[in-house]
Structures are given as C-alpha cells and as structure tokens.
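Protein chains in written order, with my numbering: chain R, 4 to 216; chain E, 4 to 216. From the three backbone atoms N, C-alpha and C, an ideal C-beta is built for every residue, glycine too. Keep in mind the model is a prediction, meaning the values are calculated, not measured.
2 protein chains.
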Amino acid sequence: MGNQHKIPQATAKRLPLYYRFLNNLHIQGKARVSSKQLSDAMKIDSATIRRDFSYFGALGKKGYGYNVEYLLGFFRKTLDQDENTPVILIGVGNLGTAFLNYNFTKNNNTKIEMAFDADHAKVGEIIGNIPVHHIDELEEMMENISVAILTVPVTEAQGITDRLVECGVTGILNFTPARITVPEHVRVHHIDLAVELQSLVYFMKHYPLDDEG
Amino acid sequence: MGNQHKIPQATAKRLPLYYRFLNNLHIQGKARVSSKQLSDAMKIDSATIRRDFSYFGALGKKGYGYNVEYLLGFFRKTLDQDENTPVILIGVGNLGTAFLNYNFTKNNNTKIEMAFDADHAKVGEIIGNIPVHHIDELEEMMENISVAILTVPVTEAQGITDRLVECGVTGILNFTPARITVPEHVRVHHIDLAVELQSLVYFMKHYPLDDEG
DNA sequence: TCGAATTAGTGAATAATTTCACGACATTTT
DNA sequence: AAAATGTCGTGAAATTATTCACTAATTCGA
Ligand SMILES: NC(=O)c1ccc[n+]([C@@H]2O[C@H](COP(=O)([O-])OP(=O)(O)OC[C@H]3O[C@@H](n4cnc5c(N)ncnc54)[C@H](O)[C@@H]3O)[C@@H](O)[C@H]2O)c1
Ligand SMILES: NC(=O)c1ccc[n+]([C@@H]2O[C@H](COP(=O)([O-])OP(=O)(O)OC[C@H]3O[C@@H](n4cnc5c(N)ncnc54)[C@H](O)[C@@H]3O)[C@@H](O)[C@H]2O)c1
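Printed below as a string of structure tokens:
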C-alpha cells in the first residue's frame, strides 16, 4: 500500500514492462533469463535492469541470472496483480470505443467495468462486453471506482474531471489535450497522442541517428 | 535540420505542448503571457519553462513576459510547422480506425496520407478521408514517406517493421506491445497503453498523494 | 574436481533534469 | 520622475537517473 520505500519513479514506470515480458517468457516455458537477455529484448541497458531489480532486494543468482517463475511471482505481488482494479471510461467515441474493444485484463489487473457517454444513441449499447450508460447516471452508478479513462472532447474534459473527482476518483488517464486541474490527492497521467506524433517528427529531424525511445 | 545545438531531450519532448498551448492563446487573442501563467495552465514548473525557452535564446522581456505571437512564430519555425510531414498508418483495426478519424493536422504539421491493412474487407474503404490499401501494395505505394504509425497485432509488428524500414521509413510510432528491433538510424517511440494504465494504478497505490504527471 | 565463463549486485562516476533564488531590467502606478 | 511591482534569464545547488567497472558468487564443461 504505502510509499514503497523509495523506488525511483523511472524504475516504477518500467515495472509493468518487466512484468509483461516475464509473463511472456513464462508462457513460453523459459525457466531462466539474464539481465543481458532482458536488455536485448526490451532495449533497456542491462545495468539499468539490474539496478531496477536491486531496489527490491537480491532477486537473482550470480552466474545464473533470474528464475523466471520466481521473478514473475515477485512482480505479481509487487504490482498487486492479484487484486483486480476496476476502471470506468468516459466518452465512447473513436478512441473510447477502441479501448472498450481491447482486453486490458489479458496482461493486467485492470478491467473496464462500465462506460459513459452523453450521446443517447450510444447509451444501452454493449461494446466489448462493457455496457454504456448515460453520463447523467455517473453519480449514481459509480461505486468504489477510483480509476477513470478520459476520452471525451477537450471542451468537456475539465467538467467531467470535476465530477469524477467528486465521485471519489483518484486516478485519471487523460487522453484529451486538456491539462486538467485536480486536487492534490488525484493523480493524472496524460497521454497526448498528437504531441507524441509531433515529438517523434521533431526528434527525427533534430537528433543524431541512433538509440533511445 | 541537423542536431539543433544541444536541446535536452526532456525539453524537446515539451516543445509540441508549448506550441499547441501558444497556438490556443493566439486564437483566443491573448497578446502576452508569463511563465507563471503558462506554468499554471500546463502544470509545468515556471522555472522549467523559462529554462526550456532559454535554450533558444532570450525570447521574453523582463517585467513583461513573452509576446504570444512572436513566441508562436518562433516555435513554428523551430518545430518545422511550415513543411507538412506525411505519415502512413499500418493496421486499420480498433486503434488504427480511431486515429484515421482524428485530424492530427489541426494543431500539427503531420498528416496521415494512406493506411494499409491485410484484411480485404477493409481495403478500398476511405476512413476519415484516408484511403485504405492492401498491405501487399505497401512497397509500390510508398514514396518519400519516412514516418509510420504501427497499429497491427503484436505478432505482425516485427515483420511489418522490417518492411517499413526497407521502404525508407526512419520513424515509427509503435502502439503494439512488441519491442521492435530496428537499424540504428531508425527512431522508434513506443506508446504502450496497457503499460500506461497499469503504471497509473501502481503510482496511485505506492506514491504519496500529490503533484506530478 | 578444476578452471574458465557467466552474471548479479553495487559503489562510484557521470549525466541529465529540475529547482532555487537572485540580479537586472521593464513596466506600471502614483 | 520615483517607487513599487513584475518577470526574465541564469548561475549554482539539488535531485534524479544512467552507466561504468569491478567483486563475489555460481554455473558449466571437461
Ligand atoms: N481519436 C484520436 O485518434 C485522438 C488523437 C489524439 C487525441 N484525441 C483526443 O481524445 C479525445 C477523444 O477523441 P475521439 O476521437 O474519440 O472523439 P469523439 O468525438 O469520437 O468521441 C468523444 C465522445 O465523447 C462523448 N461525449 C461528449 N460530451 C460528453 C460528456 N459531457 N460526457 C460524456 N461523454 C461525452 C461523445 O458523445 C463522443 O462519443 C478528444 O479529446 C481528442 O482530442 C483523440
Ligand atoms: N485497442 C486498444 O485499445 C489497444 C490497447 C493497447 C494496445 N493495443 C495494441 O495495438 C495494436 C492494435 O490493436 P487493435 O485493438 O487496433 O487491434 P485490431 O485487431 O483491432 O487491429 C489490427 C488490424 O491490423 C490488421 N492486420 C493484421 N495483420 C496485418 C498485416 N500483416 N499487415 C497489415 N495489417 C494487418 C488487421 O486486419 C486489423 O485490422 C495491437 O498490437 C494491440 O496490442 C491496442
């Protein structure tokens, strides 16, 4: 639960990646893996990987590497993969529909439970097994949900955010270009696809031709 | 063109954000803006904003702030907003379709010119004004396109990547979970939506309740 | 069993990024 | 015209992240 002793943020961001990759190795039946192999496959420096793992203690064995099953089990606990995290999605448009059709639970403890939209034509539909409710029902339908995915038009973003926060949401994955304002206890991660595309183009034009992602 | 003198990567990643925000201010008719105002709106420390701008010289005026029109013009040039960058998209599924329906050109110099898919049912369609071709036609249709958006199933990612690189693509925005392998001169930016969601949940559970995105 | 090869873990160095805090100057007010 | 206020640009400090390079432990092949 609490502030898990000083794991650097950069490390924390890589944990889900490690988890998924280990999961794949496990499915493939691999029993062991070295930081060098992980490095090649994930394009992350092997020293960085070892350092990241070391924040959690000595998980490997010298001369051998890491036991995949053990490591996977460890990360499963660390990432709370055993308890499911329910999520709601607001705005069943182009992006929102794509997300509803995607099974996040596959590699993940998260599940989109319901969706909301203002468009009556969409209300009542079931997309990817997820029912779409009218946004007016938000307050009454929400119960113990702390994570929301926001895919409404930019103009609606702040208003919907305020309502979500009011309903007890403390984490928002925001796909709108709006830089929304929230109280201190609410965490927002922005994914700004237009910026990502523009950024890629900028890096291509202005940065030397090699590594990094 | 070339390695624009040592702009830190962290700064470079924020440039498109600044650009879009300044553009909005300009549309709203604002003539001036201070780093403090930008900070409040974009949730980036004002010292960071001033530092970022300072890499390009003295763009502001003490006691006044920044002239929106001037700054916008400056960033337009810096981000090469005058020349259009053509882009292709591979994989017209859930995500791919969402992107085709989105007008990236609105705030952006990028335009998706064509899309490709392996599914004959999709070939010939026009989505968001963008024609969908069969993936077999990739090699013959591609001409002077250096940027690709990859939204195919994970199993296809490496194979398609190899073909794209062969066709001269030097930048890939990769939405598949695959960590694709490319030659040194090709830049890949990964956007891993499942990881982003899982990461948000992890941060909510393990990090103190305040700032940062 | 021995010796070569492998590989984790980590102190220390380096690099990158953010933030503080203040001087210099421009604007605005009175 | 002077004073008060606002705000940039930036050295320096602080923080955060990455990478080097070595030691110690273990494995593996002969
Ligand atoms: N589609 C993309 O590729 C893309 C790319 C970059 C950014 N975005 C951003 O993502 C967001 C969604 O994009 P999209 O293309 O899916 O838009 P969209 O217009 O297709 O979907 C928006 C949905 O939100 C619903 N909506 C409107 N007001 C609402 C409200 N008050 N409450 C609940 N639902 C409401 C609409 O009915 C619609 O279904 C936008 O902010 C857009 O800028 C999208
Ligand atoms: N949809 C999401 O919300 C979501 C979330 C996270 C990750 N992703 C990833 O994004 C990618 C796309 O997801 P999606 O939901 O759009 O999948 P999808 O199955 O809906 O779409 C994939 C499309 O690629 C096409 N395709 C298959 N093989 C091809 C080939 N060789 N050449 C060209 N086209 C080919 C298919 O015909 C299909 O139209 C996947 O890798 C997925 O893991 C998607």
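Nearest-angstrom Cα distance between His-136 of chain E and Val-198 of chain E?
30 Å
Asn-132 of chain R: beta carbon under 8 Å from a heavy atom of ligand 2?
no
Quick check on Ala-151 of chain E: buried or exposed, where buried means 16 or more other Cβ atoms within 10 Å of its Cβ?
buried
With DSSP as the reference, label Ala-118 of chain E as helix, strand or coil.
strand
If you measure from the CB of Gly-99 of chain R, is any heavy atom of ligand 1 nearer than 8 Å?
yes
Apart from the five residues on each side of it in sequence, which residues of its chain come closer than 6 Å, Cβ to Cβ, to Lys-109 of chain E?
none
Is there a Cβ from chain E that is less than 9 Å from the Cβ of Phe-102 of chain R?
yes
Examine ligand 1 and report whether any of its heavy atoms sits within less than 8 Å of the Cβ of Lys-114 of chain E.
no
Please check if any C-beta of chain E sits within less than 9 Å of the C-beta of Ser-57 of chain R.
no
Report whether the distance from the Cβ of Leu-196 of chain R to the nearest heavy atom of ligand 1 is below 8 Å.
yes
Between which two residues does the beta strand (DSSP E) holding Tyr-89 of chain E run?
The sequence given here places Pro at residue 89 of chain E; Tyr does not occur at that position. Note, Pro-89 of chain E: beta strand (DSSP E), 88-93.
Answer yes or no: does any C-beta atom of chain E fall closer than 9 Å to that of Leu-74 of chain R?
no
For Asn-97 of chain R, decide whether its Cβ has a neighbour in chain E, counting only Cβ atoms nearer than 9 Å.
yes
Taking 9 Å as the cut-off, decide whether the C-beta atoms of Gly-94 of chain R and Val-155 of chain R are in contact.
yes
Could you tell me the distance, in whole angstroms, from the CA atom of Leu-153 of chain E to the CA atom of Gly-66 of chain E?
47 Å
Just to make sure I have the definition right: I need the residues of chain E whose C-beta is within less than 8 Å of the C-beta of Tyr-205 of chain R. Which are they?
Ala-15, Leu-18, Pro-19, Leu-82 and Asp-83
Tell me which same chain residues have a C-beta within less than 6 Å of the C-beta of Ser-38 of chain E, skipping the five on either side of it?
Ser-49, Ile-52 and Arg-53
Secondary structure, beta strand (DSSP E): runs of 3+ residues fully inside the segment 174-202 of chain R
174-177 and 190-193
Does Asp-213 of chain E get closer than 9 Å to chain R when you measure Cβ to Cβ?
Per-residue confidence for Asp-213 of chain E stands at a pLDDT of 48, beneath the threshold of 50, marking its modelled position as unreliable; the derived number appears in the next sentence. Judged by the 9 Å Cβ criterion, Asp-213 of chain E is in contact with chain R.
Does the beta-carbon distance from Phe-59 of chain R to Ile-133 of chain R come in below 9 Å?
no
Assign Ile-1 of chain E to one of three DSSP states: helix, strand, or coil.
Because residue 1 of chain E is not part of the residues shown, which for chain E are 4 to 216, the question remains open.
Please report the distance separating the alpha-carbon of Glu-215 of chain R from that of Leu-62 of chain R.
Model confidence at Glu-215 of chain R stands at a pLDDT of 40, short of 50, so the residue's coordinates are unreliable and nothing is read from them.
Limits of the beta strand (DSSP E) - the one that Val-172 of chain E falls within
Unbroken run through Val-172 of chain E: none, as it is neither H nor E.
Output needed for Thr-14 of chain R: all residues of its chain with C-beta closer than 7 Å, excluding positions within five of it in sequence on either side, in chain order.
Asp-55 and Tyr-58
Could you please tell me which residues of the segment 26-50 of chain R, in chain order, have their CB closer than 7 Å to any CB of chain E?
Ala-44, Met-45 and Lys-46
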